[in-house]
Structures are given as C-alpha cells and as structure tokens.
Amino acid sequence: MLGVSRSATDAEIKSAYRKLAMQYHPDRNPNNPDAEEKFKECSEAYAILADQEKRARYDRFGHAGIGTAAGAAGFDPSIFQDFSDIFGDFFGFGDLFGGGGRRRTRAQRGADLREDLTLEFEEAAFGAETQVNVRRHEPCEDCKGSGAAPGKAPVSCRTCGGRGQVRYQQGFFSIARTCTTCQGTGQVITDPCPKCKGEGRTLRQRTVETKVPAGVEDGTRIRYAGLGEAGYFGGPPGDLYVVLHVKEHPFFERVGNDLHCLIPISFSQAALGTEIKVPTLDGDHALKIPDGTQSGTSFRIKNKGIPMLNAHGKGDLFVEIRVQTPTKLNKRQRELLQELDGTIRVENRPQRRTLLGKVKDIFA
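So the working numbering is basically just the index in the sequence shown, starting at one, shifted up by 6.
Set out below in structure tokens:
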C-alpha cells in the first residue's frame with residue numbers, strides 16, 4: 007500500500023505515507039469515495055508499520071498476523087499523534103483523530119515598528135539625545151484593550167460552544183478545525199467598544215526619547231523593547247527599531263573608527279618643513295611636517311578618530327599631505343624659482359629610468 011520495501015526505515019515509511027495522504031486526503035478530493043478509501047487503506051498500513059510489534063508480526067505472517075480489517079488489525083488512532091506535522095502543517099487540523107486541541111488566546115503580540123533618524127556627523131561620533139515621532143496603536147482607554155464596550159465582556163462562541171474548534175466526521179476520522187466564527191478563541195464580542203470598534207486599541211502619535219550612543223555608524227539599528235504597536239486584545243506590544251542615517255562630513259572621511267582627511271601645503275612648506283594646524287573633532291592639533299615631505303605622505307594622529315561603540319578608546323586620524331604646485335607666477339617668483347632650480351644638484355633631480363634598469367637594481 008505504501009510502496010516501500012521490507013527494509014524501509016521509519017523515516018522512509020513516514021515519507022511514503024505523507025505523500026499518499028496528501029494525494030488522497032478527503033479534503034483534497036471532496037465527494038470522491040475512491041480517494042477516501044485509498045486514504046483509509048494507506049492510513050491503516052501506516053498504523054501497522056509505525057508500530058514495531060505489529061510490523062514484526064506482519065513481516066512474519068502477513069495479514070494473517072494482524073488481521074485484514076481495521077478492527078482486526080487493532081487500528082489505534084493515537085499512533086498519529088506523534089506525527090501531527092503530517093497533516094497539521096498542510097490542512098490546519100489541530101486534531102485529526104479525536105485528541106484534545108488547545109483553544110487559541112485572543113491576545114496577540116503587536117507588530118514591530120521602524121522609524122528613521124538622520125544625525126549630523128558629530129552627533130554620531132559623540133552620541134546625542136533626541137526625539138522620534140512615532141505613530142502607533144495603543145490599548146484603548148475605554149475598554150482597556152478587551153474590545154468589548156465598557157461594562158460588557160466577550161461571550162462564549164455559540165458555533166463551537168467555547169471550544170475554539172468545530173469537529174467534523176469523515177469516514178472513520180474525527181477531524182477538528184478552527185472555528186471560523188471566533189477564530190479559535192472560543193469567545194466573540196457581541197457589544198464592541200464604540201471608541202476602538204472592538205479592536206481593543208486606537209491609533210496615536212507619540213514622541214519617544216531616543217539616546218544615541220557615541221560611535222554609531224550609518225545604518226545602525228537601535229531596538230527599544232515594548233515601544234512598538236500595542237497587541238490585540240491586551241496582547242504584549244511589539245518593539246520599536248530606530249534606523250540611523252549619518253550625514254557625510256565636508257572634511258573628514260570615516261573608515262571604521264578611523265578618520266581620513268587631506269591637507270594642502272605649499273611647495274616651500276614641503277621642502278623646508280613646517281608646522282600646521284590640523285582640525286579634528288576635538289579641536290585643532292599641531293602637526294609637524296618634516297622638510298622634504300613628498301606629496302601623498304600620510305601622518306597618523308592617535309586617538310583623534312571616532313569613539314569605539316560601547317567600548318573604550320578611539321580610532322586614529324590619518325592626514326594625507328598634498329603639495330600644491332602654483333598655477334600662476336609673477337615675474338619675480340619665476341626668477342626665484344629659476345635661480346633655485348639652478349642651485350639644486352643634479353642627483354637630487356628625478357631621473358627617468360628604463361624598465362630594464364629597474365629590474366637590474368632589484369636583482370643586483
């Protein structure tokens with residue numbers, strides 16, 4: 007009946023029965039007695055093979071060992087209670103074979119909310135305390151979240167008798183389904199609250215105080231537990247997630263917890279050396295530029311970067327020097343540069359070298 011070999015494992019037997027049950031289930035084949043009979047036969051086969059003692063007798067004596075009818079085979083519906091996923095995930099049956107089902111609670115958790123917050127670069131670096139406007143559902147003040155009018159209460163559902171399930175008989179199966187009238191809660195609201203229309207919550211605008219820790223990055227998400235949507239019928243609230251968006255800085259570029267910036271200096275400053283003031287998030291910092299500094303040289307200033315998020319310490323500031331070449335020279339400036347050029351020794355001038363010469367130097 008199940009199409010499995012004598013040496014089939016329990017998992018293979020269960021998988022084979024699952025496929026056949028899905029194919030021949032009465033709910034998928036309404037008014038089809040042949041499909042119902044097939045479903046009944048494969049269910050009886052599974053009830054035998056899923057029981058180790060009955061399977062052993064069947065392997066030795068065939069039908070003579072367990073009988074040919076469901077009653078003679080000792081069909082026990084409880085064999086399926088350990089495999090509720092066979093049907094429950096697909097048909098929504100809380101109870102297939104007469105076992106007890108649990109009534110659903112009316113209370114449901116509220117949904118999570120998301121709000122976006124834009125920060126200045128400095129606010130993300132040092133932290134900030136700000137506010138976020140949140141539009142959310144909150145428990146109704148009149149009915150206290152019950153959904154029933156003041157002084158009233160939900161009543162037992164007449165359709166299911168307060169059980170939350172309606173039972174149907176299909177063949178030898180007793181099938182329980184969620185009651186569509188009360189949605190499985192066993193109760194209905196006959197006198198809904200006028201203010202919330204029986205929902206148990208109302209929509210309001212709230213201002214939430216938001217504390218942003220130092221060192222957050224663009225895209226950081228902060229969770230505020232219990233500040234989301236109120237739950238239905240007194241259920242717990244959801245959470246509020248604040249997503250941070252950090253503006254770019256006109257001077258600094260952030261890489262992790264480090265900062266990078268470009269500082270232009272003149273040709274004479276690069277050649278003679280100088281001391282410059284470098285702006286940082288904490289104020290100006292004096293940086294000594296040694297003589298002969300080349301364009302593109304990077305200097306590291308420790309602990310002048312972004313604070314570590316939820317930790318001690320800061321990143322570093324990296325300053326890249328860019329030597330500016332003057333684009334316009336007056337007559338006197340040109341003469342001075344020409345005079346300087348004549349005094350510079352030839353070996354200090356950059357020399358063009360062939361690729362072959364560079365290779366020889368590497369392997370010399």
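Glycine residues also receive a C-beta, built at the ideal position from the N, C-alpha and C atoms.
DSSP, read as helix, strand or coil, puts S21 in helix.
T184 sits buried, since 16 or more C-beta atoms from the chains shown fall within 10 Å of its C-beta.
Boundaries of the beta strand (DSSP E) around C267: D264 to S272. Secondary structure remark: continuous alpha helix (DSSP H) runs of at least 4 residues inside the segment 211 to 244: none found. Of the other Cβ atoms in all chains shown, fewer than 16 fall within 10 Å of the Cβ of H69; this residue is therefore exposed.
A Cβ-Cβ distance of about 6 angstroms is found for the pair I307 and H291, placing them in contact under the 8 angstroms criterion. Contact fails between the segment 241 to 251 and the segment 291 to 302, because fewer than three Cβ pairs, one in each stretch, are under 8 angstroms apart.
Taking C-alpha positions only, A231 is separated from P242 by approximately 11 angstroms. Counting the other Cβ atoms within 10 Å of the Cβ of H318 gives fewer than 16, which makes it exposed.
Going by DSSP, I54 is part of the alpha helix (DSSP H) stretching over P39 to L55.
P296 is classed as exposed because its beta carbon has fewer than 16 other beta carbons within 10 Å across all chains shown. The three-state secondary structure of R63, taken from DSSP, is helix. The C-beta distance from G153 to G192 rounds to 15 angstroms, too long to fall under 8 angstroms, and the pair is not in contact. Shortest Cα-Cα distance from V218 to any of R229, R173 and R210 involves R229. Cβ-Cβ distances below 7 angstroms link G133 to V218, P219 and A220 in the same chain, with the five nearest sequence neighbours on each side left out; the list follows chain order. For L342, same chain residues with a beta-carbon under 6 angstroms away, outside a window of 5 residues either side, do not exist.
Only residues of its own chain outside the window of five on either side were considered, and among them G237, G241, P242, P243 and G244 have a CB closer than 8 angstroms to the CB of R115, listed in chain order.
Taking 8 angstroms as the cut-off, the Cβ atoms of V172 and T196 do not count as close. For L335, same chain residues with a beta-carbon under 8 angstroms away, outside a window of 5 residues either side, are L343 in chain order. Taking a 10 Å sphere around the C-beta of E128, we find fewer than 16 other C-beta atoms and assign the residue as exposed.
It is roughly 42 angstroms from the alpha-carbon of Q29 to the alpha-carbon of L119. D122 sits in a strand when the DSSP states are folded into three classes.
The DSSP assignment places 337 to 349 as complete runs of the alpha helix (DSSP H) inside the segment 275 to 361, in order along the chain (cut-off: 4 residues). According to the DSSP assignment, E135 belongs to the beta strand (DSSP E) that extends over A134 to P145. Ranked by how close their Cα comes to the Cα of F324, the residues C267, L278, D65 and Y64 have C267 in first place. In its chain, beyond the 5 residues on either side, L268 and S304 have a beta carbon closer than 6 angstroms to the beta carbon of E326. Boundaries for L8: no beta strand (DSSP E) harbours it, and the DSSP string shows neither H nor E there. Contact annotation: C146 and T208 have beta-carbon atoms nearer than 8 angstroms. Secondary structure of I72 (DSSP, three-state): helix.
The Cβ-Cβ distance between V252 and Q137 does not fall below 8 angstroms. Per the coordinates, the alpha-carbon of E42 lies some 7 angstroms from the alpha-carbon of H31. One thing to note: F45 has its Cβ within 8 angstroms of the Cβ of A27. Taking C-beta separations shorter than 7 angstroms and ignoring five residues to either side along the sequence, the partners of G262 in its chain run G321, following chain order. Per DSSP, the continuous beta strand (DSSP E) segment holding E259 begins and ends at E259 to V261. Sequence-distant partners of Q211 (beyond 5 residues in either direction) whose C-beta falls short of 8 angstroms from its own C-beta, in its chain, are N139, V140 and R141.
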